[in-house]
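The structure appears below as structure tokens.
Chains as they are written, first to last, in the numbering used here: chain A, -11 to 196; chain B, -11 to 196.
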């Protein structure tokens, strides 16, 4: 690799790293290519060599967040059976939101760049979502094989929303304002997973 | 009411209104008593007559948001039966998050002031949460009377998290990045409510 090429790659990496730091410390509204250049001490045209716009930089950040997230989910502890394994994926989801709040926010709290204009970002978010869908399909394939097609994506959305709600509320500390007793607080996460398993085990062909 | 008293009350109201506008337009991190005073064209000591600190002002804003939210939930269309009525409360929740995004964010996305130090705020958030708990208790009282105590608060937390996740994801537009087909998108909210009813109708005494 020529020195010039290496430096080019270095600048791209440095831009992304600096951009992450700006969003982490000051919030997304402070992100601009100009601010990245200023912090790096390079000319304010320099980042444009790698990112035609702020949206392209942000899309690359979000893409990396999804990639990291998906790899975290895939490295979960394997379960003893399909349902157990799906539960472990859920636990990995919650763990990730607490361990990597910046990436978590980039994926789910950010006004994302237009996905159509950033196919690599879109690919990485679909990949992460499909990990969940696949885990659900494997569980249903055993107990409700005739319902796999009809419900797996809907169940995936439901589980995702429930876990996202849990993680967001935990992060906001709003739970302190409704003064739950200690036992309820301590069992809260288990109660959520218990109810998700009720949904997974519900026979959608039964009228409720 | 003396003119002086009226003016005092007017200033308090003007502070809250101005603070709401600052948070709405620029974000919570731009809120300060000094900025409120500057925008109102009053001395920067003036807001302190009503709010000993920024946290007190924020607590009052959050309290009002919860009060407004609770009154919106209570004014929902009554259901034909308890379960239907609970569903209407859920629909009112989602509607509120879309119609009143600022208040919604103040309640659930804000790092709240310490609830212990702001009992009025805490009372209003508990009141809103208890509307949901009561709705759930009424449903369980009919079908699972022996489970009312054990599960109503846990079900309330679960339903809250699921709806909060739904509302947050809808607001963030991240759903566009996983490219759902149109039929799934169109049926998404219904699918969430369907699964919440599965949970409500699940017999917690059954092993799943």
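By construction, the Cβ of each residue, glycine as well, lies at the ideal position given by its N, Cα and C atoms.
Inset, instruction - Identify whether residue 202/B lies in helix, strand or coil by the three-state DSSP scheme. - result: Shown here, chain B extends from -11 to 196; a query on residue 202/B therefore has no answer.
Legend entry - residue 167/A in three-state terms, based on DSSP: Position 179 of the first chain, counting from 1, holds the residue named residue 167/A. Per DSSP, reduced to three states, the secondary structure at residue 167/A is coil, with no helix or strand assignment.
Inset, instruction - Determine, using beta carbons only, whether residue 128/B and residue 139/B come nearer to each other than 8 Å. - result: Along the second chain, read from residue 1 onward, the residue named residue 128/B stands at position 140. Along the second chain, read from residue 1 onward, the residue named residue 139/B stands at position 151. Between residue 128/B and residue 139/B, the CB-CB gap stays under 8 Å.
Legend entry - Boundaries (first-last residue) of the alpha helix (DSSP H) holding residue 76/A: One-based indexing of the first chain puts residue 76/A at position 88. 70 to 87 is the extent of the alpha helix (DSSP H) around residue 76/A.
Inset, instruction - Please go through the stretch 88 to 164 of chain A and give each complete alpha helix (DSSP H) segment of 4 or more residues, from N-terminal end onward. - result: Complete alpha helix (DSSP H) runs here, min 4: 89 to 96, 107 to 131, 136 to 160.
Inset, instruction - For residue 89/A, return the contacting residues in chain B, with the cut-off set at a CB-CB distance below 7 Å. - result: What you label residue 89/A is simply residue 101 of the first chain in a count that begins at 1. Neighbours of residue 89/A on chain B: none; closest Cβ ~13 Å, over 7 Å.
Inset, instruction - At 8 Å on the CB atoms, spell out the chain A contacts of residue 141/B, in chain order. - result: Working through the second chain from its first residue, we reach residue 141/B at position 153. Within 8 Å Cβ-Cβ: 168, 172.
Inset, instruction - Compute the Euclidean distance between the alpha carbons of residue 72/B and residue 170/B, then round it to the nearest angstrom. - result: Numbered from its first residue, the second chain carries residue 72/B at position 84. Numbered from its first residue, the second chain carries residue 170/B at position 182. If I take the Cα positions, the gap works out to 27 Å.
Legend entry - Residues near residue 189/A in its chain [Cβ-Cβ closer than 8 Å; skip 5 each side]: Residue numbering aside, residue 189/A sits at position 201 when the first chain is read from its first letter. 131.
Legend entry - Interface partners of residue 53/B on chain A, CB under 8 Å: Taking the second chain and counting its residues from 1, the one referred to as residue 53/B is at position 65. Correct list: empty, because the minimum Cβ distance to chain A is about 11 Å.
Legend entry - Spatial distance of residue 182/B from residue 185/A (CA atoms): Here the question's residue 182/B lines up with position 194 in the second chain. Here the question's residue 185/A lines up with position 197 in the first chain. Taking the straight line from one Cα to the other gives about 15 Å.
Inset, instruction - Step through the CB atoms of chain B and report whether any lies within less than 8 Å of the CB of residue 98/A. - result: Numbered from its first residue, the first chain carries residue 98/A at position 110. Contacts with chain B at 8 Å (Cβ-Cβ) include residue 98/A.
Inset, instruction - Please work out which residues of its chain come closer than 6 Å, Cβ to Cβ, to residue 21/A, disregarding the five sequence neighbours upstream and downstream, and give them in chain order. - result: Residue 21/A sits at position 33 when you count from the first residue of the first chain. Cβ neighbours of residue 21/A beyond the five flanking positions: 35, 42.
Inset, instruction - Would you mind working out which of 150/A, 156/A, 146/A, 180/A sits nearest residue 172/B, comparing C-alpha positions? - result: Residue 172/B sits at position 184 when you count from the first residue of the second chain. Comparing Cα positions, the closest option is 146/A.
Inset, instruction - Have a look at residue 39/A and residue 158/B and give me their C-alpha separation to the nearest angstrom. - result: Here residue 39/A refers to the residue found at position 51 of the first chain. Here residue 158/B refers to the residue found at position 170 of the second chain. Spanning the two alpha carbons is a distance of roughly 28 Å.
Inset, instruction - Count the CB pairs spanning the stretch 115 to 123 of chain B and the stretch 49 to 68 of chain B that are closer than 8 Å, and state whether there are at least three. - result: A contact exists between the stretch 115 to 123 of chain B and the stretch 49 to 68 of chain B.
Inset, instruction - Could you confirm whether any beta carbon from chain B is found closer than 8 Å to the beta carbon of residue 126/A? - result: Stepping through the first chain from its first residue, residue 126/A is reached at position 138. Put simply, the CB of residue 126/A is far from chain B, with every gap to its CB atoms at 8 Å or more.
Legend entry - Contact check, residue 165/B vs residue 103/A, beta carbons under 8 Å: As a working note, residue 165/B is residue 177 in the second chain. As a working note, residue 103/A is residue 115 in the first chain. It is a contact, given that the beta carbons lie within the stated cut-off.
Legend entry - Backbone secondary structure at residue 25/A - three-state DSSP: As a first step, residue 25/A is located in the first chain; it is residue number 37 there, counting from the start. Residue 25/A falls in the helix class under three-state DSSP.
Legend entry - Helix, strand or coil at residue 31/A [DSSP, three-state]: Here residue 31/A refers to the residue found at position 43 of the first chain. Judged by DSSP in its simplified three-state form, residue 31/A adopts coil rather than helix or strand.
Inset, instruction - Inspect the beta-carbon positions of residue 109/B and residue 47/B and report whether they are closer than 8 Å. - result: Numbered from 1 along the second chain, position 121 holds the residue referred to as residue 109/B. Numbered from 1 along the second chain, position 59 holds the residue referred to as residue 47/B. Going by beta carbons, residue 109/B and residue 47/B fall inside the 8 Å limit.
Legend entry - Cα-Cα separation, residue 187/B to residue 111/B: Within the second chain, the letter at position 199 stands for residue 187/B. Within the second chain, the letter at position 123 stands for residue 111/B. Rounded to the nearest angstrom, the two C-alpha atoms are 28 Å apart.
Inset, instruction - Please state whether DSSP places residue -11/A in a helix, a strand or coil. - result: By 1-based counting over the first chain, the position of residue -11/A is 1. Per-residue confidence for residue -11/A stands at a pLDDT of 42, beneath the threshold of 50, marking its modelled position as unreliable; the derived number appears in the next sentence. In this structure, residue -11/A counts as coil in the three-state DSSP scheme.
Inset, instruction - Please decide whether residue 78/A counts as near chain B, where near means a Cβ-Cβ distance under 8 Å. - result: Translated into the one-based positions of the first chain, residue 78/A becomes position 90. It does not: the Cβ of residue 78/A has no partner Cβ on chain B nearer than 8 Å.
Inset, instruction - For chain A, find out if any of its Cβ atoms is closer than 8 Å to the Cβ of residue 107/B; answer yes or no. - result: As a working note, residue 107/B is residue 119 in the second chain. For residue 107/B, the answer is no, since every Cβ of chain A falls outside 8 Å of its Cβ.
Inset, instruction - Report the three-state DSSP secondary structure of residue 185/A (helix, strand or coil). - result: Counting from one through the first chain, the residue named residue 185/A turns up at place 197. In the displayed model, residue 185/A falls within a helix according to three-state DSSP.
Legend entry - Local conformation of residue 3/B per DSSP, three classes: The residue given as residue 3/B occupies position 15 in the second chain. It is helical.
Inset, instruction - Round the Cβ separation of residue 144/B and residue 124/B to the nearest angstrom and send it over; I've been treating them as touching at under 8 Å. - result: Locating residue 144/B in the second chain gives position 156, where the first residue counts as 1. Locating residue 124/B in the second chain gives position 136, where the first residue counts as 1. That belief holds up - the Cβ atoms of residue 144/B and residue 124/B are roughly 5 Å apart, short of 8 Å.
Inset, instruction - Mind listing the chain A neighbours of residue 179/B? Cutoff is C-beta to C-beta under 7 Å, in chain order. - result: Counted from its first residue, the second chain places residue 179/B at position 191. In chain order: 142, 145, 146.
Legend entry - For residue 11/B, three-class secondary structure by DSSP: As a working note, residue 11/B is residue 23 in the second chain. Looking at residue 11/B - three-state DSSP - the assignment turns out to be helix.
Legend entry - Sequence-distant residues of the same chain with beta carbon closer than 6 Å to residue -8/A, five excluded per side: Working through the first chain from its first residue, we reach residue -8/A at position 4. Residue placement at residue -8/A cannot be trusted, given a pLDDT of 49 that sits under 50; the coordinates are not used to answer.
Inset, instruction - Verify the CB distance criterion: does residue -8/A have a CB-CB separation below 8 Å to chain B? - result: Taking the first residue of the first chain as position 1, residue -8/A is located at position 4. Residue placement at residue -8/A is flagged as unreliable, the pLDDT there being 49, under the threshold of 50; the coordinate-derived value follows with that caveat. Judged by the 8 Å Cβ criterion, residue -8/A is not in contact with chain B.
Inset, instruction - Rounded to whole angstroms, what's the CA-CA distance from residue 83/A to residue 30/B? Just pull it up for me. - result: Position 95 of the first chain, counted from the first residue, corresponds to residue 83/A. Position 42 of the second chain, counted from the first residue, corresponds to residue 30/B. Taking the Cα positions, residue 83/A is about 47 Å away from residue 30/B.
Legend entry - Three-way DSSP call (helix, strand, coil) for residue 193/A in this model: Translated into the one-based positions of the first chain, residue 193/A becomes position 205. In this structure, DSSP gives residue 193/A a state outside helix and strand, which the three-state scheme calls coil.
Legend entry - Short CB-CB distance (under 8 Å) between residue 114/A and chain B: Residue 114/A sits at position 126 when you count from the first residue of the first chain. True, the Cβ-Cβ gap to chain B drops below 8 Å.
Legend entry - Members of the stretch 11 to 30 of chain B that neighbour chain A once the beta carbon cut-off is set at 8 Å: When C-beta distances to chain A are compared with 8 Å, the residues of the stretch 11 to 30 of chain B below that value are 15, 17, in chain order.
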